[in-house]
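**Student:** If you read the sequences in order, they're chains A and B.
According to the numbering used here, the first sequence is numbered sequentially starting from -9.
According to the numbering used here, the second sequence is numbered sequentially starting from 67.
First the structure, which I've put down as C-alpha cells, then a few questions once you've had a look.
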Amino acid sequence: MDSTLFSYLDYAVYGTAVIVMLIGFYGAMVKKSLLKIVIGLSVIDSGLNLLIVAIGYYKGGTAPIFSQGFLENFKSVSKMTDPVPQALVLTAIVIGFGVTAVALALVIRLYRHHGTLNIDEIKNLKW
Amino acid sequence: MVGTPVLFIAIPLMAAFLIPLLGMIWKELVRIVPGLVLTYLLILSINLLDHVLAHGPIVEVIAGWGPPIGINLVFSALSGFLVVLMEFLGLLVWAYSYRFKRNVDYEPALKYFLMLMMLITGSVGIVLTGDIFNMFVFIEITSISAYGLTAFYKGRNSAEASFKYVMMGSVASTFLLLAIMIIYAQLGTLNMADIANKIHLMNPTLKIVSYIFFVTALGIEAEIFPLNGWAPDAYAEAPGPVGAAFAGIVVKAAVYAIIRYTYTIFDLSGTFNFLIIIGMITLIIAETAAIRQEKLKRMLAYSSIGQMGLVMVAFGFGTEEGVFAALFLMLNHAIIKSLLFFSGSYLTYNSTDKKISEVNGMSKFLPITSLLFALGAFAIVGLPPFAGFWSKLAVMTAAADSNMILIMALVLIVSVVELVYYLRVVNRVYFYKKEADVKPKRPTVNALIVMITLGAIILLVGFYPDAVTGLLHKASAGLMDKTQYIHNVLSVR
Chain A
-9 MDSTLFSYLD YAVYGTAVIV MLIGFYGAMV KKSLLKIVIG LSVIDSGLNL LIVAIGYYKG
51 GTAPIFSQGF LENFKSVSKM TDPVPQALVL TAIVIGFGVT AVALALVIRL YRHHGTLNID
111 EIKNLKW
Chain B
67 MVGTPVLFIA IPLMAAFLIP LLGMIWKELV RIVPGLVLTY LLILSINLLD HVLAHGPIVE
127 VIAGWGPPIG INLVFSALSG FLVVLMEFLG LLVWAYSYRF KRNVDYEPAL KYFLMLMMLI
187 TGSVGIVLTG DIFNMFVFIE ITSISAYGLT AFYKGRNSAE ASFKYVMMGS VASTFLLLAI
247 MIIYAQLGTL NMADIANKIH LMNPTLKIVS YIFFVTALGI EAEIFPLNGW APDAYAEAPG
307 PVGAAFAGIV VKAAVYAIIR YTYTIFDLSG TFNFLIIIGM ITLIIAETAA IRQEKLKRML
367 AYSSIGQMGL VMVAFGFGTE EGVFAALFLM LNHAIIKSLL FFSGSYLTYN STDKKISEVN
427 GMSKFLPITS LLFALGAFAI VGLPPFAGFW SKLAVMTAAA DSNMILIMAL VLIVSVVELV
487 YYLRVVNRVY FYKKEADVKP KRPTVNALIV MITLGAIILL VGFYPDAVTG LLHKASAGLM
547 DKTQYIHNVL SVR
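Next comes the structure, spelled out in C-alpha cells:
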C-alpha cells in the first residue's frame, strides 16, 4: 500500500516536471515573440530543475542538514535526502539565470535594431 | 614540476575578473594582462606536458575530496596536447587582436579581452575536468562568453546571430543536464572514471538515451549536422579573431567531450558507426554548402564544419590509427583555419558584406596576407608539402586499415570540392583586378607576426611531421586505454 502510493507520487512529480519542460519547449519553438521564446527557455530550465530535485528525494527523507537534534530524531544519516542534486540545481539555476540575462540583453539589442520583437520580421540572416 | 593543472582555471578566472579593476589604474593593462596570463599558461602547459610524457598523467584533486567524490582534473597526454594547442591559439588570438581592437574604445576592449579569457578558460576546463557536472559548468562558461563575443560588433547583424546561438545553446545545456542526471540517478556518481567503471550496471535503454542526449548537446557546440545552424552566422558576424578562437578552441573542446564520452565513459556497441555516419553527413552537407557561399567568412565557417565532420569520421574508426588521424586533423584544422580567419579578415577588412568578390586583386596591396591566405588554403585542402597533407594521409591509411574504401573515396571527393572553393578565392586574390571602391587595410605588425608564425608552423609540420606525431601517438594510445584511465584516476587518494 505504502509503496504503491510512493510510486504514484513519484510519477506525479516526474510527470509534472516533464510537462513543465514540454510547455517550455512549446513556448521556445512555436511562439513568434522573442520575449516569449526567452520565457520558454527559462521554463524549460525550471522543469529540469524540478526533475533533478525530484530525483534526489525519497519518501520520508529530511533536509540534508546535519544538526544537533538530527541523530536523536532520525537515528541514521540514510534518512537524509540526497544533497548532491540540490547542489547541482543551485548551480544550474545560477547558470540558467546567466543565460536568460544574456538572452534578454540580446532581445533589447534586436529590438533597438529592428524595432520589433516578432521573429518573422527579423531575418537579415536566414533563420 | 612547476605548477599544477588547477592553475589553468584559477589564474585566468582571477585575471579576467581583475581586468576591470586593473583598467582603472592604467587602461593599457586591460590589453597587456591577458597576454601575460596566456604566455604564462602556455609555458606552464608545455612544462606539464613534458612532465606528463615522461612520468604519466597528473590527476589533481580539488579541495581535498579524492575521486570519486570530489572534482578532479586529469592532465594526460591527450588533454595536455589539447591544452597546449588551446593556450597557444589563445595567445595568438590575443596578439592578433591587441591592435586590431586598438581603434575601439576602452570599454569594448575590456569586454572583448574579458570574454576571450573566459572562453579559453572554459574550453581548457572542459578538456581537463574529470567530472561530468563540472564539464557542464565549463561548457556553460564557454558558451556564455561565446554568445557575448558573437554579439560584439553593434553595427552588424551580430545580435541576431548571437540570439540564434543562445537558443540552440540553452537547449543544448538542457539536454546535457538531463543526460547527466540520468547517469546520476542510475549510478549515483558524477566522476567520469567511476562512471566508466560502473557503466555496465546501468539500464541499457537509459544508457542509450543519455548517450544520445550527450551527443545532441555537445553536437551543438561541435557543429555536427543538423545541430550547426548557429555556426555560419556566428562565425560571419563575430570579429575575425573570434572566428579563429571558435574554430580552434571551442569546437575542439566540444569534440574532445564527445570522444571522451564515446571512448571512455560509455561502452555501447555501434557508437563508432554512429560517429562515422553523422560525420559523413556533416562533411558532405557542409562542403556542398561551402561551395555556394558568397561571403568569405561563411565559406570558412562551412569549411570548418566540414573538417569537424571529417574528424568525427576519423574518430569513428575506433582504432588507434583513426584516433591518431583525428587528433592530427584537429591540430591542423586549428592552426590552418586560424590562419585563414586571421588573413581572411584582413582581405575583407573594410567591406560591410565580407563578400568573396571583394577580395579581387588584393595580392598587389596585401602581398604577405594574400600569400599566407593562399598557403592556408593549399594546406587545408591537403596539398603535399603542407601540414594538411599528412593528416589527410593519416585519415586515408586509417580508413584503409579498417577496410572502409567508401570513406577513402568520399574523403578524396570532398578534397576536390574543397580545392574548388578555396582556389576560387585564391584565384580572385591573385588574378582579378581590384574593384575601385574597395579600400584595403594594411595588417598591423602584431597581426603579421601572428600570421607568419602560423604559416611557419604549417610549413614546419608539413616538412617535419615527426615533430608532432610522437606526441599524437602517445595521446591516441592514452585515449584508447580506458582501464588505465580509470585506474589512474581512481587510485588517487
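We treat Cβ as the ideally placed atom computed from N, Cα and C, and that holds for glycine.
The model shown is predicted, which means the values in this text are computed figures rather than measured ones.
With a threshold of 16 other CB atoms inside 10 Å of the CB of D(-8)(A), please say whether the residue is buried or exposed.
**Tutor:** The predicted model places D(-8)(A) with a pLDDT of 45, which falls under 50 and marks its position as unreliable; any figure quoted below should be read in that light. By the 10 Å Cβ count, D(-8)(A) comes out exposed.
**Student:** Locate the alpha helix (DSSP H) running through E501(B), then write down its first and last residues.
**Tutor:** Neither: E501(B) is in no alpha helix (DSSP H) and is coded neither H nor E.
**Student:** What residues from chain A crowd round T414(B), counting only those whose CB sits closer than 8 Å?
**Tutor:** What T414(B) touches in chain A: nothing, since even the nearest Cβ is about 17 Å away.
**Student:** For I552(B), I'd like the list of residues in its chain whose CB is within less than 6 Å of its CB, leaving aside the five on either flank, ordered along the chain.
**Tutor:** Cβ within range, chain order: A259, A262 and N263.
**Student:** Below 7 Å on C-beta distance, what does E360(B) contact in chain A?
**Tutor:** The contacting residues do not exist; E360(B) stays about 12 Å from chain A at best.
**Student:** Any Cβ of chain D within less than 8 Å of the Cβ of S276(B)?
**Tutor:** The structure shown contains no chain D; its protein chains are A and B.
**Student:** Where do the ends of the alpha helix (DSSP H) carrying I257(B) lie?
**Tutor:** With the sequence shown as reference, residue 257(B) is identified as Asn, and Ile is not the correct amino acid for it. Neither: N257(B) is in no alpha helix (DSSP H) and is coded neither H nor E.
**Student:** Who are the Cβ neighbours of P75(A) in its own chain at under 8 Å, not counting the five residues just before and after it?
**Tutor:** These residues qualify, in order along the chain: I42, V43, I45 and G46.
**Student:** Report buried or exposed for I343(B), applying the criterion of at least 16 other Cβ atoms within 10 angstroms of its Cβ.
**Tutor:** Answer is exposed; the Cβ neighbour count stays below 16.
**Student:** Which value, in whole angstroms, describes the spacing of the CA atoms of F444(B) and V492(B)?
**Tutor:** Those two C-alpha atoms are separated by around 9 Å.
**Student:** Whose C-alpha, out of A464(B), G427(B) and K458(B), is nearest the C-alpha of D503(B)?
**Tutor:** For D503(B), the nearest C-alpha among the options comes from G427(B).
**Student:** Out of S411(B), V555(B) and A82(B), point me to the one whose CA is closest to A304(B)'s CA.
**Tutor:** Among S411(B), V555(B) and A82(B), the Cα nearest to that of A304(B) belongs to S411(B).
**Student:** Taking the straight line between their C-alpha atoms, what separation do you get for L432(B) and P506(B)?
**Tutor:** Straight-line Cα distance between these residues: approximately 8 Å.
**Student:** Could you give the distance in angstroms between the alpha-carbon of I186(B) and the alpha-carbon of L107(B)?
**Tutor:** Near 11 Å, if we compare the C-alpha coordinates of L107(B) and I186(B).
**Student:** From what residue to what residue does the alpha helix (DSSP H) around E353(B) run?
**Tutor:** Start and end: T337 to I357.
**Student:** Select from L180(B), G69(B) and G130(B) the residue whose C-alpha is nearest the C-alpha of V96(B).
**Tutor:** Closest option to V96(B), Cα to Cα, is L180(B).
**Student:** Can you find a CB in chain B that lies within less than 8 Å of the CB of G51(A)?
**Tutor:** Not closer than 8 Å to any Cβ of chain B, the Cβ of G51(A) fails to qualify, so no.
**Student:** Determine which residues of the stretch 23 to 41 of chain A have a Cβ less than 8 Å from any Cβ of chain B, and write them out in chain order.
**Tutor:** Answer set for the stretch 23 to 41 of chain A: L24, I27, L31, I34, D35, L38 and L41.
**Student:** Does any CB atom of chain B fall closer than 8 Å to the CB of L80(A)?
**Tutor:** So, not an interface residue.
**Student:** Taking V203(B) as the query, report the chain A residues whose CB atoms sit under 8 Å from its CB, ordered along the chain.
**Tutor:** Going along chain A in sequence order, the residues near V203(B) (Cβ under 8 Å) are T81 and I85.
**Student:** With distances taken from CA atoms, which of K500(B), S409(B) and H266(B) is nearest T519(B)?
**Tutor:** Cα-wise, what sits closest to T519(B) is S409(B).
**Student:** Of all Cβ atoms in chain A, is any one closer than 8 Å to the Cβ of S370(B)?
**Tutor:** No - not a single Cβ of chain A is within 8 Å of the one on S370(B).
**Student:** Whole angstroms is fine: what's the gap from S239(B)'s alpha carbon to V79(A)'s?
**Tutor:** Approximately 13 Å between the Cα atoms of the pair.
**Student:** Cα separation between A82(B) and W92(B)?
**Tutor:** The alpha-carbon atoms of A82(B) and W92(B) are separated by roughly 16 Å.
**Student:** So for F141(B), helix, strand or coil by DSSP?
**Tutor:** Note: F141(B) maps to strand in three-state DSSP.
**Student:** Apart from the five residues on each side of it in sequence, which residues of its chain come closer than 8 Å, Cβ to Cβ, to T337(B)?
**Tutor:** Closer than 8 Å at the Cβ level, and outside the excluded window around T337(B), lie Y277 and T328.
**Student:** State the beta-bridge partners of E126(B) as determined by DSSP.
**Tutor:** Answer is L139(B).
**Student:** Along chain A, in chain order, which residues have C-beta atoms closer than 8 Å to that of G214(B)?
**Tutor:** Within 8 Å Cβ-Cβ: V92.
**Student:** Could you work out which residues of chain A lie near E206(B), taking near to mean beta carbons separated by less than 8 Å?
**Tutor:** Simply I85, G88 and V89.
**Student:** Would you report the Cα separation of L256(B) and F199(B), rounded to the nearest angstrom?
**Tutor:** Distance between the alpha carbons of L256(B) and F199(B): 7 Å.
**Student:** Output the distance between the C-alpha atoms of P137(B) and L441(B), rounded to the nearest integer angstrom.
**Tutor:** Note that residue 137(B) corresponds to Ile in the displayed sequence, not to Pro. Each residue's alpha carbon lies about 43 Å from the other.
**Student:** Is Y101(A) a contact residue of the ligand ATP, with contact defined as CB to any heavy atom under 7 Å?
**Tutor:** The model depicted lacks the ligand ATP and carries no ligand whatsoever.
**Student:** Where does M183(B) land, buried or exposed, given buried means 16+ other C-beta within 10 angstroms?
**Tutor:** Its Cβ being crowded by 16 or more others within 10 Å, M183(B) is buried.
**Student:** Kindly list, in the order they appear in chain B, the residues whose Cβ is closer than 9 Å to that of A18(A).
**Tutor:** Within chain B, the residues near A18(A) are M233, S236 and V237.
**Student:** Taking DSSP as the reference, what is the three-state secondary structure of D197(B)?
**Tutor:** Here D197(B) sits in strand by DSSP.
**Student:** In chain B, which residues lie with their C-beta within 8 Å of the C-beta of I45(A)?
**Tutor:** Going along chain B in sequence order, the residues near I45(A) (Cβ under 8 Å) are M247, Y250 and A251.
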